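Asks: Those letters in the sequence shown? Residues 8 to 130, per this note's numbering, in order.
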Amino acid sequence: MRFLMMHRLDESAPEAWNPSKEFIEKMGAFIQDSFEKGFLITAEGVHPSEKGAKVRKVRGGKITATDGPFTEAKEVIGGFALINAKDLAEAVSFAESYAALFDEIEVEVRTVVEAEDIEAFTS
């Protein structure tokens, strides 16, 4: 099964967008090991919210786009990973190993909808 992990971090933390050399090396080793073990499909960090935008549509309303930074949010998405795991428990265990690399982080783990899931919804 595939799972999407999105990690949120405090955008105001000094290390959020300026990681130490030690952290970069530790993360690189984790990514390499995870890829070699077949867990990791892809993983990417993202730039600060000041380089992004939010697009929102409310029910019955119009679409609005707001440029970053997202000052109303304490935590913002800092990156994502797409992983393979046999079940949610294994995906959560992987997310815990990932979270251990950081001083403070929140990782959301979500099951990816596969083609057979869509078929089950429409049957």
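Heads up, the beta-carbon is just placed ideally off N, CA and C, and yes, glycines get one too.
Here the structure is a predicted model, which means the values were calculated and not measured.
Among Val114, Leu89, Pro55, Gly59, which residue has its Cα nearest to the Cα of Glu22?
Replies: Stepping through the sequence shown from its first residue, residue 22 is reached at position 15. It is Pro55 whose Cα lies nearest to the Cα of Glu22.
Asks: If we call anything under 8 Å between Cβ atoms a contact, is Val119 one with Arg9?
Replies: In the sequence shown, counting from the first residue as 1, residue 119 sits at position 112. In the sequence shown, counting from the first residue as 1, residue 9 sits at position 2. Yes, Cβ-Cβ distance for Val119 and Arg9 is below 8 Å.
Asks: Can the beta-carbon of Ala88 be found less than 8 Å from the beta-carbon of Thr73?
Replies: In the sequence shown, residue 88 corresponds to position 81, counting from 1. In the sequence shown, residue 73 corresponds to position 66, counting from 1. No, the pair does not count as a contact, with Cβ atoms beyond the cut-off.
Asks: So for Asp124, helix, strand or coil by DSSP?
Replies: The residue given as residue 124 occupies position 117 in the sequence shown. Helix at Asp124.
Asks: Just verifying my parser: in three-state terms, what is the DSSP assignment at Glu37?
Replies: Translated into the one-based positions of the sequence shown, residue 37 becomes position 30. A quick correction: the sequence has Phe, not Glu, at residue 37. Three-state result, Phe37: helix.
Asks: When DSSP labels each residue in this structure, what does Ile48 get in the three-state scheme?
Replies: In the sequence shown, the residue the question calls residue 48 occupies position 41. DSSP places Ile48 in strand when its eight states are reduced to three.
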